[in-house]
Amino acid sequence: SQISEQGIAVVESEEEAEAEGKALTKIEDKKVVAKKGNARGSDRTDDPVRMYLREMGAVELLSREGEIAIAKRIEAGRDAMIRGLCESPLTFEAMMVWRDELVNERILLRDLIDLEATYGAENPPPEPKPKEEEDEADEAKAEGEESSDDDDDEDEDDAAAMSMSAMEAELRDGVLAKLDEIADDFAKYRKLQDKLVNRRLEGKDL
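Okay, so the sequence shown: first residue is 106 according to the working numbering, each after it adds one.
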């Protein structure tokens, strides 16, 4: 008939309708399972970028408390490292070698210290002026005293653009003086250490 030709199934009883419905349900279930399987297969990839993003998506984000805890651990580790270096005689022996090489100009000061950080610590920027002084400066500028301000700006630009050689020349004497103090203290320490060893060999206390 024309109905059958159009793909419409005609059933004559309720039993046939139920059987037909169950068959269609099984077919739909199989399609769903097949789709899930394909989806799982598509999740698998050899792309390193996608694999990295997938792994990172499973990692818990770092909270502010976690950042603070990590920063404290880093600071504690840094302090422990510095204390360990300061307790080692080899550290002071190396510093004495560096001092001699610096005096004999075999190395540069920039090889030993952070020039910019040291120069900034010894020459901090000027403190901001109080509001009253700022008002007076504005009035003076309004009256035509612009030349002095220009000179100040040029001085600030020169200080900001100071070369490495200029910073070395300014810091060299101070660094050498501190290294000399360390050398004197280390010499006293070595004498005490040698004396302690000799006293211990004699079975006596220092």
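Even for Gly, the Cβ is constructed at its ideal location relative to N, Cα and C.
As the structure is a computational prediction, the values presented were derived from the model and not from experiment.
Using the Cα positions of E321 and D290, report the straight-line distance between them to the nearest angstrom.
-> Any answer about residue 321 is impossible in this case: the structure gives the chain only from 106 up to 311.
Anticipated Cβ contact below 8 Å, L214 with L276, distance rounded = As a working note, residue 214 is residue 109 in the sequence shown. As a working note, residue 276 is residue 171 in the sequence shown. Contact flag correct, Cβ pair sits at about 6 Å.
Range of the contiguous alpha helix (DSSP H) that encloses S270 = On the sequence shown, position 165 is the one that residue 270 refers to. Its alpha helix (DSSP H) spans residues 269-306.
Start-to-end residues for the alpha helix (DSSP H) that takes in V164 = By one-based count along the sequence shown, residue 164 stands at place 59. Note, V164: premise wrong, no alpha helix (DSSP H); not H, not E.
Enumerate in chain order the residues of its own chain whose CB-to-CB distance from L220 is below 8 Å, with the five nearest sequence positions on each side excluded.
-> By 1-based counting over the sequence shown, the position of residue 220 is 115. For L220, where only same-chain residues beyond five positions count, the Cβ hits under 8 Å are L214, M269, M272, E273, L276.
Let me know the secondary structure DSSP gives I212 once reduced to three states.
-> For this step, residue 212 is matched to residue 107 along the sequence shown. The answer is coil: DSSP assigns I212 none of H, G, I, E or B.
In angstroms with no decimal places, state the Cα-to-Cα distance between D310 and A226.
-> Here the question's residue 310 lines up with position 205 in the sequence shown. Here the question's residue 226 lines up with position 121 in the sequence shown. Cα to Cα, D310 sits roughly 44 Å from A226.
Compute the Euclidean distance between the alpha carbons of L207 and Y224, then round it to the nearest angstrom.
-> Working through the sequence shown from its first residue, we reach residue 207 at position 102. Working through the sequence shown from its first residue, we reach residue 224 at position 119. Approximately 18 Å, taken between the alpha carbons.
Roughly how many angstroms lie between the CA atoms of C191 and G308, to the nearest whole one?
-> In the sequence shown, residue 191 corresponds to position 86, counting from 1. In the sequence shown, residue 308 corresponds to position 203, counting from 1. Looking at the two C-alpha atoms, the distance is approximately 29 Å.
Where K177 falls: helix, strand or coil (DSSP) | Stepping through the sequence shown from its first residue, residue 177 is reached at position 72. Correct three-state label for K177: helix.
Please report how far the alpha carbon of G315 lies from the alpha carbon of A222, in whole angstroms.
-> The first residue shown for the chain is 106 and the last is 311, placing residue 315 beyond what the model contains.
Using alpha carbons as the reference points, say which of L297, N303, R211, R204 lies closest to G376.
-> Because the chain here runs from 106 to 311, residue 376 falls outside it and cannot be looked at.
CA nearest to the CA of T196, picked from A163, V302, A288 | Working through the sequence shown from its first residue, we reach residue 196 at position 91. If we check each option's Cα against that of T196, A288 comes out closest.
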